[in-house]
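Residue numbers (the numbering used here), protein chains in the order written: chain L, 1456 to 1613; chain X, 1031 to 1310.
First the structure, in the form of structure tokens, and then the observations on it.
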Amino acid sequence: MRFNEKELISLSRQPSEKAAELGMRGPKKGDVLKKRLVKLVVNFLFYFRTDEEEPIGALLLEQCRVEREDSLTFSIIFLDEAERKYQFECDSEEQCGEWIDSIIKASYEFMRKNLIFYRTEIHKLTGKDPLEQYGISDETRFQVSNGLQLKARETSSL
Amino acid sequence: MKIDEKVISYFESSNTPVDKQGYLYKKGEIKTSYQKRWFVLKGNLLFYKEKPADRDLIGVIVLEGCTVQLCESDEQFAFSLVWNEPGLRTYKFAAEDQESLEDWIKTLLSANHQYLALLLSDMERAYREALEGPSNEPTKTNPFIMPYFPISEAGRASTFPSLRSSSSQPTFASSSSGAGHSLGPGFRVGPMADPVLQPSAAISAKPTLRKSPKLWSKKATNAVNTQPSSTFFGDFAGVILEPEDEFVKMHEEFGKEIKKLISHWATRGPDGQENLIDFS
């Protein structure tokens, strides 16, 4: 599959609030925990060998579940048939919780759903559509009737 | 750099909203001819394949850090995605007609993550204000000190689950106490403290911009400090954004850009060619 690699690498160099050295274990059986510089930029998780400029890889944080494994460890599980799981080990419980939070909130789909939720709620509370002032009420991407439920009906299994 | 292709393919085929899809002509990466491809836009990812029913993707373009521009081309209805940094590429496209051209440009301009993040942050604020009722005037005098929000449980949507959390849960974007962002009474909340917002290179390149120190805290260990490269906004680099006006300003800039494009199109003759010489 082709992708705009150079541009993605450039993206990985953008400043990020969430960048830290974590232990990372890949999805394959037998993959060992390795120290990686993990960096969250938009809805991508880049991981680098410490002190290397170019990331080893990039994970798209969409259609995944983030789970706490124990006090220091969280995992990202992709919802494909194989349910591929990447594990991350943090230095503290607090750090672990913060990463989980940040990764979930970074998902475009999550943000979109939140936006639709707020739009609907604000409309209920005020009688006004908050997107009208921007002239974007009709944009496909913010439609409530998109088959999206406002409650969290979608589960991890498809 | 590796990219997890399975994850990308899965996202494309999954039952997630399609923001736009249709045929476009794409200038080849090796051959320079334009090839007709079926494009599917989901979020900030532009997938392409030969035909709509194809299972295999030819490729994906991550729409971060680029601008969308009309381009001068032998092809009609041409536009391009441009990354302004040296060494980064430009993708050239041609739409089938004027309407398609305009719609693709408009949609692609607002497909990036930051646009949604800013809009979402605006909506969060509007929601809080709506919850507090019409009697409360948000203080606009100093935009960088948010109104004091006593966080009451009543009226709040469910707090953020810290254990099993699906990325598809539309909960109110406040963290549960386990996540280390405990919002007790007296805690100052503001859009810049919200982890949803990722600072763009445009903002980080301008140190005069007043920002909550929280945003730039050294909490993130081993943060990779590199020179901020050219801006995400590209053509909008001159816009210095302030938290409360960020989305509004950005949206206005988009509007101006689109108006510019429309007036540019208006100068063209009906056959799409610019009338450079007056033959009358």
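We treat Cβ as the ideally placed atom computed from N, Cα and C, and that holds for glycine.
- Judged by their CB atoms, residue 1053/X and residue 1065/X are not nearer to each other than the 8 Å cut-off.
- Within 10 angstroms of the beta-carbon of residue 1493/L lie 16 or more other beta-carbons, which makes it buried.
- Any Cβ of chain L closer than 8 Å to the Cβ of residue 1040/X would place that residue at the interface, and such an atom is present.
- With a 10 Å radius around the Cβ and a threshold of 16 neighbouring Cβ atoms, residue 1471/L comes out buried.
- CA-CA distance, residue 1579/L to residue 1049/X, rounds to 25 Å.
- Put simply, the CB of residue 1533/L is near chain X, with a gap under 8 Å to one of its CB atoms.
- DSSP places residue 1089/X outside any alpha helix (DSSP H); the residue lies instead in the beta strand (DSSP E), whose first and last residues are 1089-1092.
- The beta-carbon of residue 1082/X is placed no less than 8 Å from the nearest beta-carbon of chain L.
- DSSP places residue 1550/L outside any beta strand (DSSP E); the residue lies instead in the alpha helix (DSSP H), whose first and last residues are 1548-1561.
- According to DSSP, residue pairing for residue 1051/X in a beta bridge involves 1070/X.
- Chain-order list of chain X residues neighbouring residue 1514/L: 1034, 1037, by C-beta distance under 7 Å.
- Residue pairing by DSSP places residue 1541/L opposite 1531/L in a beta bridge.
- Per DSSP, reduced to three states, the secondary structure at residue 1516/L is coil, with no helix or strand assignment.
- Secondary structure at residue 1478/L: strand, using DSSP grouped into helix, strand and coil.
- In its chain, beyond the 5 residues on either side, 1480 have a beta carbon closer than 7 Å to the beta carbon of residue 1487/L.
- Within a 10 Å sphere around the beta-carbon of residue 1552/L sit 16 or more other beta-carbons, which makes this residue buried.
- Spatial neighbours of residue 1522/L in its own chain (CB-CB distance under 6 Å, excluding positions within 5 residues in sequence) are listed in chain order as 1530.
- Proximity of residue 1050/X to chain L, defined by a Cβ-Cβ separation below 8 Å, is satisfied.
- With a contact defined as Cβ atoms closer than 8 Å, residue 1533/L and residue 1040/X qualify at about 7 Å.
- CA-CA distance, residue 1160/X to residue 1573/L, rounds to 10 Å.
- Residue 1559/L and residue 1128/X have their C-alpha atoms some 39 Å from each other.
- Secondary structure note for residue 1124/X: its beta strand (DSSP E) is the uninterrupted segment 1120-1124.
- Under the Cβ distance rule, residue 1047/X counts among the residues neighbouring chain L, one pair being separated by less than 8 Å.
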